[in-house]
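*Asks:*
Number of protein chains: 2
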Amino acid sequence: MSSKALDYENLNENVKKCQYAVRGELYLRASELQKEGKKIIFTNVGNPHALGQKPLTFPRQVIALCQAPFLLDDPNVGLIFPADAIARAKQFLGMTSGGLGAYSDSRGIPGVRKEVAEFIERRDGYPSDPELIFLTDGASKGVMQILNSIIRGPSDGILVPVPQYPLYSASIQLLGGSLVPYYLEETANWGLDINDLRQSVAQARYKGITVRAMVIINPGNPTGQCLSVANLKQIIQFCHQENLVLLGDEVYQQNIYQDERPFISARKVLLDMGLPLSKEVQLVSFHTVSKGYWGECGQRGGYFEMTNIPPKAVEEIYKVASISLSPNVPGQIFMGLMVNPPKPGDISYDQYVRESKGILESLRRRAHMMTDGFNSCRNVVCNFTEGAMYSFPQIRLPPRAIETANKLGKAADVFYCLRLLEATGISTVPGSGFGQKEGVFHLRTTILPAEEDMPAIMESFKKFNDEFMEKYEDHKGYSRM
Amino acid sequence: MSSKALDYENLNENVKKCQYAVRGELYLRASELQKEGKKIIFTNVGNPHALGQKPLTFPRQVIALCQAPFLLDDPNVGLIFPADAIARAKQFLGMTSGGLGAYSDSRGIPGVRKEVAEFIERRDGYPSDPELIFLTDGASKGVMQILNSIIRGPSDGILVPVPQYPLYSASIQLLGGSLVPYYLEETANWGLDINDLRQSVAQARYKGITVRAMVIINPGNPTGQCLSVANLKQIIQFCHQENLVLLGDEVYQQNIYQDERPFISARKVLLDMGLPLSKEVQLVSFHTVSKGYWGECGQRGGYFEMTNIPPKAVEEIYKVASISLSPNVPGQIFMGLMVNPPKPGDISYDQYVRESKGILESLRRRAHMMTDGFNSCRNVVCNFTEGAMYSFPQIRLPPRAIETANKLGKAADVFYCLRLLEATGISTVPGSGFGQKEGVFHLRTTILPAEEDMPAIMESFKKFNDEFMEKYEDHKGYSRM
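Top to bottom, those sequences are chains A and B. Throughout the first sequence, residue numbering follows this note's numbering, covering 77 to 557 in sequence. Throughout the second sequence, residue numbering follows this note's numbering, covering 77 to 557 in sequence.
(1) Note down, in chain order, each residue of its chain lying with its Cβ closer than 8 Å to the Cβ of Lys538 of chain B, except the 5 sequence neighbours on either side.
(2) Per the DSSP calculation, Pro230 of chain A is bridged to which residue(s)?
(3) Please report how far the alpha carbon of Gln154 of chain B lies from the alpha carbon of Gln143 of chain A, in whole angstroms.
(4) Going by DSSP, which residues form a beta bridge with Asp550 of chain A?
(5) Give me, in chain order, the residues of the same chain whose beta-carbon lies closer than 7 Å to that of Thr286 of chain B; leave out the 5 immediate sequence neighbours on both sides.
(6) In whole angstroms, what is the alpha-carbon distance linking Ala280 of chain B and Arg288 of chain B?
(7) Under 8 Å, CB to CB, which of the residues in the region 278 to 304 of chain B have a partner in chain A?
(8) Identify which residue in B:Ala487, B:Pro387, B:Phe380, B:Pro474 has its Cα closest to the Cα of Asp83 of chain A.
(9) Going by the beta-carbon positions, is the gap between Leu260 of chain A and Trp266 of chain A smaller than 7 Å?
(10) Residues of chain A with a CB under 7 Å from the CB of Val153 of chain B: which are they?
(11) In terms of residues, what are the limits of the alpha helix (DSSP H) holding Phe339 of chain A?
(12) So, for Val390 of chain B: in the same chain, excluding its five sequence neighbours on each side, which residues have a beta-carbon less than 7 Å away from its beta-carbon?
(13) Can you tell me the Cα-Cα spacing of Ser245 of chain A and Gln95 of chain A, whole angstroms?
(14) Going by the beta-carbon positions, is the gap between Pro206 of chain B and Arg189 of chain B smaller than 7 Å?
(15) In the DSSP assignment, find the alpha helix (DSSP H) that holds Ala161 of chain A and state where it starts and stops.
(16) Start and end of the alpha helix (DSSP H) containing Met382 of chain B?
(17) Who are the neighbours of Lys166 of chain B on chain A, taking C-beta pairs under 7 Å?
(18) Quick one: Cα of Gln330 of chain B to Cα of Pro338 of chain B, how far?
(19) Among the residues of its own chain, which have a CB less than 8 Å from the CB of Thr480 of chain A, if the five just before and after it don't count?
(20) Measuring alpha carbon to alpha carbon, tell me which residue in B:Ala499, B:Val360, B:Gln240, B:Asn123 is nearest Ser312 of chain B.
(21) Any beta carbon of chain A sitting closer than 7 Å to that of Ile399 of chain B?
(22) Under a CB-based cut-off of 7 Å, is Leu104 of chain A close to chain B?
(23) Quick one: give me the first and last residue of the alpha helix (DSSP H) that Pro186 of chain B is part of.
(24) Is there at least one Cβ from chain B nearer than 7 Å to Ala81 of chain A's Cβ?
(25) Any Cβ of chain B within less than 7 Å of the Cβ of Met557 of chain A?
(26) Hey, is Asn319 of chain B's beta-carbon within less than 7 Å of any beta-carbon in chain A?
(27) With a cut-off of 8 Å, do at least 3 Cβ pairs link the region 408 to 427 of chain A to the region 512 to 528 of chain A?
(28) Which class does Met557 of chain B belong to by DSSP, given the choice of helix, strand or coil?
(29) Whose Cβ in chain B lies nearer than 8 Å to the Cβ of Asn123 of chain A?
(30) Which first and last residues belong to the alpha helix (DSSP H) in which Pro406 of chain B is found?
(31) Determine the contact status of Met446 of chain B and Ser467 of chain B, defining contact as a CB-CB distance below 7 Å.
(32) Out of A:Gly421, A:Ile399, A:Glu89, which has the shortest C-alpha to C-alpha gap to Gln249 of chain B?
(33) Going by DSSP in three states, Glu85 of chain A sits in which element: helix, strand or coil?
(34) Roughly how many angstroms lie between the CA atoms of Leu141 of chain A and Ile162 of chain A, to the nearest whole one?
(35) By the three-class DSSP mapping on this structure, what secondary structure does Phe118 of chain A have?
(36) Is there at least one Cβ from chain B nearer than 7 Å to Ala526 of chain A's Cβ?
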């Protein structure tokens, strides 16, 4: 019998080539260990509720009522739902035709897109057009949709930061394009040097690649830095000169843990720069309900907003969205709630503020605990997590550790992270999954474990790391592990 | 300024080429008319709740409780939720780690996949492996995932029925493969002739295309036929001989409106055929919560099950699924509820049966009303809707109507459907969106308008159609429209 279409050797090569480390070897091994009964701390993915974060009450009340609209007529509904949640559910149901069980327009419910546009206007100080906002099943799906519109073949290049969130490398591989890396500078707090960017583009062109778009992740994933206005201006200027679409991954815009560099959207900076740039630079910005202090990952809600994309191209993106009929409607409602939460004076306002502040302040404390913990370890250095949800320490692996890893046929950081997992149950992602400079090693962990568990986790990490270093540093002739 | 990456002329050609008529010209015009205040009857897409179908109560109670888990501790919860819904919600929450706000495994929640496997075993009489079941955001996403794994380039062909649901043509175009049509025979109740299939494959090979997979839609969309066991056996034999993966779109398996030909899954027929076929033919079957008597389109829940796909290929499909992190979790719960609804003796059983039987019986009556209505019209002939949700009448357009359409630069059926829309508000999809034989014209409408509205809709259709025919038939020298 000859081999078949869905045998491994006959699969689409782009499918086989793509890599997604966040759920790669480490995650699979962790899942195995968990099945065997080992306690695993999953810090491989920014999934707050999986680590015990409680959902915000108000949005869950609203969505529960939207899912069970017959409750709205129940005389007892007021006993377990506040009046503003009931009112909001009625309002959302009024925006749909057929409730949560009906497909919406493929761009999302018009009323929710209007709420998103109003949020963007409040945030940036410039009006936003709901017709240029598409709701999506989480931000990842939006990124893939846009990359799919841009990438025509292997000679189309997308500038992606290194280290990067591997959604970008995986999607570009899957779509058959070329990733053009630009390096973030660890010693400059993961800043971006425009001269390096120029060099990356020049090198790509030399290889025959047309660079068509540039990705920024702000706040950074896995690197945690917040981009300054000055840096954003340079980037936008660069995109204008080089005729690149700017893709702004801004999913962590609520997750800021310092006051010096607040989040500023690429769109605001672009519009502040005025003509001709404000009318010429093409920008697509992404957001989600999975991050922020919401962390509603499982609901798969998100949006992208397009700036300076001509109507004929928007129509094509709409057409492709329509093949999947519509993003999930409950996720759309979450997006509407996230951009338009309870206001002062609303019954649920105080509780909403208390819950969200509680989460955000705890995340800020955890960001410090983690950075400080890593920096107290032998051969580990770590920039502070200014924003997002991750810590990305550099692990200075001794040559003997690297050799041992090589003998096992593993990247040195994969080897380190596997040992860490087996010893402590902490499931991280090796830096090689995000990209890093040759010979430099990292790991990514979320800052999401419960605050009360953090000291024990960092202690357990330190114990493992320091023993590991002890074992593999050259002056030691014996083995302790 | 040179043109930019997201200008129309620079977009990915596959994006520009793909067509999706279900939300194409007719839908866009209908949306415009609706904005202008015209009453539109949207029968372009199988979206039952949008046309007034009420959601089943029990699943909505369960999902509301899963979304608001804090209600489970509320002493008043029993006043508005039945005990079995409360128990079921607790059970589902126990299957997740972190509730509905956490990403699940990228294949879906293991506990739900187990429920799906048990459902398949009850249905087919053969055990099913949860590891070979992936939950998806609706069936469409699953179809795209599998096609993406199969299609390597323009010389890879997929056999697709004509008429077909345009998800297939659109996805194949988007993924850069080749659609290889095989025609369903309208005069034989949309049956499929194996000799025609052979010819389609031979013709494709002659053009240098490697045919790799075959799509069947059973019950048929837009054609409504149910495949017989004999026909399914022939198809499976054919896939075996020609080394094709069989893709079984079985999303309408609950929607059956006659008793002669009940739904039988491709998997059951395959396994009944025994060795060697039962171990050699690769099959992927698709299902969804959007159809059946559930019609929960907006929730985007679905699954695919793989048969005879080797583990290394399953791993690759898993890896690609993981890039999108996880299907939406509420949609997964709906899938679990659909395959494992209340049982005799449960508090909610009677209500569940009453509601679902009510929907299904009304759909059966509507299927008859629509077929009979169409067949009473001048120049219209229509096969009975044995299953699914659509009526696909043939409209025998007079030569003068075809000429008029040509002059306007429109396909003749698009012209007819546009006139129908403007005259009556009935929004249909022209047959050309699904494919049809040269010179033969159809339209697709759902059978979903409310039963009480059906007589008026069919009357309004008949009036329009008969006047249209009157106007364009050759013996008439004057114009009445």
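Cβ atoms here follow ideal geometry from the backbone N, Cα and C, with glycine treated the same way.
*Replies:* So, from the listed chains and residues:
(1) Gly449, Ser452, Cys453
(2) Pro230 of chain A is not bridged to any residue.
(3) Here residue 154 of chain B is Gly; the residue named in the question, Gln, does not match the sequence. The alpha-carbon atoms of Gly154 of chain B and Gln143 of chain A are separated by roughly 18 Å.
(4) Beta-bridge pairing links Asp550 of chain A to no other residue.
(5) Ser231, Asp232, Gly233
(6) 11 Å
(7) Arg288, Ala289
(8) B:Pro387
(9) yes
(10) Ile156
(11) Run containing Phe339 of chain A: none; DSSP gives neither H nor E here.
(12) Excluding sequence neighbours, Val390 of chain B sits near Leu208, Met382.
(13) 8 Å
(14) yes
(15) 159 to 171
(16) Premise fails: Met382 of chain B lies in the beta strand (DSSP E), 378 to 383, not in any alpha helix (DSSP H).
(17) Here the premise fails: no neighbours, minimum Cβ distance about 15 Å.
(18) 10 Å
(19) Cβ neighbours of Thr480 of chain A within its own chain (closer than 8 Å, five residues either side excluded): Phe491, Tyr548.
(20) Before going further, note that residue 312 of chain B is Ile rather than Ser in the sequence given. The shortest Cα separation from Ile312 of chain B among B:Ala499, B:Val360, B:Gln240, B:Asn123 belongs to B:Val360.
(21) yes
(22) The beta carbon of Leu104 of chain A does not come within 7 Å of any beta carbon belonging to chain B, so the residue lies off that interface.
(23) 186 to 200
(24) Interface residue, yes.
(25) At Met557 of chain A, the pLDDT of 42 sits below 50, so the modelled position is not reliable and the matter cannot be decided from this model.
(26) yes
(27) no
(28) Model confidence at Met557 of chain B stands at a pLDDT of 42, short of 50, so the residue's coordinates are unreliable and nothing is read from them.
(29) Gly174, Ala178, Tyr179
(30) 405 to 415 is the span of the alpha helix (DSSP H), which, as asked, contains Pro406 of chain B.
(31) yes
(32) A:Ile399
(33) The three-state secondary structure of Glu85 of chain A, taken from DSSP, is helix.
(34) 7 Å
(35) strand
(36) no
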